[in-house]
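K.L.:
Submitted below is the structure of interest, expressed as structure tokens.
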Amino acid sequence: MARYDIAIIGTGPGGISAAITARVRNKNIVLLGSRNLSDKLSRAHRIDNYPGLPQISGADFAQALRDQLAGLGIGITEKRVASVYAMGEYFMIQAGEDILEASSVILASGLAAGKTLPGELPLLGRGVSYCATCDARLYRGKTVAVLGYSDEAAAEAEFLSEIVQQVLFFPLGKTEPQERDNLRILREKPEAIEGETTVRGVRTAGGLCEADGVFVLRDSVAPDRLVPGLELTDGHVAVDLEMRTNLPGLFACGDITGKPYQYIKAAGQGNVAALSAVAWLRELQEKKEK
Ligand SMILES: Cc1cc2nc3c(=O)[nH]c(=O)nc-3n(C[C@H](O)[C@H](O)[C@H](O)COP(=O)(O)OP(=O)(O)OC[C@H]3O[C@@H](n4cnc5c(N)ncnc54)[C@H](O)[C@@H]3O)c2cc1C
9 MARYDIAIIG
19 TGPGGISAAI
29 TARVRNKNIV
39 LLGSRNLSDK
49 LSRAHRIDNY
59 PGLPQISGAD
69 FAQALRDQLA
79 GLGIGITEKR
89 VASVYAMGEY
99 FMIQAGEDIL
109 EASSVILASG
119 LAAGKTLPGE
129 LPLLGRGVSY
139 CATCDARLYR
149 GKTVAVLGYS
159 DEAAAEAEFL
169 SEIVQQVLFF
179 PLGKTEPQER
189 DNLRILREKP
199 EAIEGETTVR
209 GVRTAGGLCE
219 ADGVFVLRDS
229 VAPDRLVPGL
239 ELTDGHVAVD
249 LEMRTNLPGL
259 FACGDITGKP
269 YQYIKAAGQG
279 NVAALSAVAW
289 LRELQEKKEK
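Using the working numbering, the first residue of the sequence shown is number 9, and each one after it goes up by one.
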């Protein structure tokens with residue numbers, strides 16, 4: 009398997025800035041995220057605080073970033089990363105149905121959305137999953153609930169319905185799937201995920217909706233669930249001034265590292281993270297040559 013120098017997770021200003029610097033430094037990179045870049049860019053009506061671009065709209069800013077990426081020949085790999093594992097001298101990244109390897113990783117996946125539901129964390133890996141592509145086959149012939157917060161949730165639910173016996177979809181975001189025989193839409197608010205050793209279902213005000221598995225599909229996954237062993241401070245990834253995390257070779261930038269939640273801070277940290285990743289790659293190379 010080809011190993012990238014740097015895998016960059018997230019296509020907001022942090023990840024894009026990191027990708028630009030890494031490419032300018034001639035590194036072999038993969039930029040994982042969305043062609044729409046970031047909702048937080050496209051939803052900004054007017055940006056007043058980005059130096060050199062007074063009163064630009066979020067949409068125009070996003071287009072300028074897209075053009076800059078294209079000009080540098082940087083493509084976006086449209087995959088959601090489900091997990092990143094530190095393997096010693098490299099990282100293994102589960103992105104959609106693919107496994108990628110990279111010598112270093114820059115985490116720029118933005119703020120983890122919202123609070124978790126009661127029961128979600130205790131039952132994670134025991135019926136609770138964040139990745140339909142990764143875990144669908146575990147539920148062949150069974151019933152799953154999909155808590156559809158993310159834009160991709162509807163498509164993921166339709167994909168699941170091709171594999172499992174029954175999908176119960178809770179529309180909690182902007183999209184919903186086409187109902188079909190084995191895909192029902194439940195317009196109820198999930199209050200908790202229930203189960204003792206394994207998932208029993210989703211609790212709503214109307215009672216328990218029984219399910220063997222629950223897919224919680226949010227736009228972003230809390231960083232320590234994305235990267236086991238990652239150290240957090242007050243819910244944000246703990247970084248030093250070089251954007252180093254506690255895991256050697258793994259860097260973070262942008263909203264995920266804490267306040268202020270601002271474009272310029274994300275972009276600045278992305279630049280630092282990329283330069284630190286370049287320095288890390290040099291260290292790895294020097295070690296190999298000894
Ligand atoms: C409506 C609105 C207006 C704003 N206006 C301003 C403003 O005027 N000025 C200002 O400075 N700031 C503003 N902000 C804040 C600014 O948007 C954020 O601080 C900034 O976008 C953070 O950049 P980021 O790169 O850290 O993360 P984000 O922009 O949140 O990008 C994160 C990226 O990671 C991707 N991602 C997440 N999880 C995964 C995964 N598992 N796999 C692959 N990709 C993943 C997401 O799809 C997204 O592309 C505004 C925010 C909003 C919501």
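Every residue, glycine too, gets a C-beta built ideally from N, C-alpha and C.
Quick check: the Cα distance between residue 273 and residue 163, rounded to an integer number of angstroms?
P.N.:
Spanning the two alpha carbons is a distance of roughly 33 angstroms.
K.L.:
Does DSSP put residue 23 in a helix, a strand or coil?
P.N.:
Residue 23 falls in the helix class under three-state DSSP.
K.L.:
Would you report the Cα separation of residue 159 and residue 38, rounded to the nearest angstrom?
P.N.:
One C-alpha to the other measures close to 22 angstroms.
K.L.:
When every heavy atom of ligand 1 is checked, does at least one fall within less than 8 angstroms of the C-beta of residue 278?
P.N.:
Flag set: Cβ of residue 278 near ligand 1.
K.L.:
What are the boundary residues of the beta strand (DSSP E) that includes residue 215?
P.N.:
Looking at the DSSP string, the run of the beta strand (DSSP E) that includes residue 215 is 215 to 218.
K.L.:
When every heavy atom of ligand 1 is checked, does at least one fall within less than 8 angstroms of the C-beta of residue 74?
P.N.:
No, Cβ of residue 74 sits at least 8 angstroms from all heavy atoms of ligand 1.
K.L.:
Using beta-carbon positions only, say whether residue 50 and residue 18 come within less than 9 angstroms of one another.
P.N.:
The answer is no: Cβ separation not under 9 angstroms.
K.L.:
Examine ligand 1 and report whether any of its heavy atoms sits within less than 8 angstroms of the Cβ of residue 219.
P.N.:
Answer for residue 219: no, Cβ out of range of ligand 1.
K.L.:
Between the C-alpha atoms of residue 166 and residue 148, what's the straight-line distance to the nearest angstrom?
P.N.:
Roughly 14 angstroms separates the two Cα atoms.
K.L.:
Got a sec, what are the start and stop residues for the beta strand (DSSP E) residue 17 sits in?
P.N.:
Taken as a continuous stretch (DSSP letters only), the beta strand (DSSP E) holding residue 17 covers 11 to 17.
K.L.:
Consult DSSP for residue 284 and reduce its assignment to one of helix, strand or coil.
P.N.:
Correct three-state label for residue 284: helix.
K.L.:
For residue 244, verify whether its CB is less than 8 angstroms away from any heavy atom of ligand 1.
P.N.:
The answer is no for residue 244.
K.L.:
If we count the other Cβ atoms within 10 Å of its Cβ and call it buried at 16 or more, is residue 107 buried or exposed?
P.N.:
It is exposed - the Cβ of residue 107 has fewer than 16 other Cβ atoms within 10 Å.
K.L.:
Which runs of the beta strand (DSSP E), 3 residues or longer, sit entirely within the segment 165 to 192?
P.N.:
Listed in chain order, the complete beta strand (DSSP E) runs (minimum 3 residues) inside the segment 165 to 192 are 174 to 179.
K.L.:
Grouping DSSP H, G and I as helix and E and B as strand, with all else coil, what is residue 28?
P.N.:
Helix, per DSSP.
K.L.:
Here's the rule: buried if 16 or more other CB atoms are within 10 angstroms of the residue's CB, otherwise exposed. What is residue 277?
P.N.:
By the 10 Å Cβ count, residue 277 comes out buried.
K.L.:
In the DSSP assignment, the beta strand (DSSP E) including residue 225 goes from what residue to what residue?
P.N.:
Residues 221 to 225.
K.L.:
Would you check whether ligand 1 has a heavy atom nearer than 8 angstroms to the C-beta of residue 235?
P.N.:
Residue 235 Cβ: outside cutoff for every heavy atom of ligand 1.
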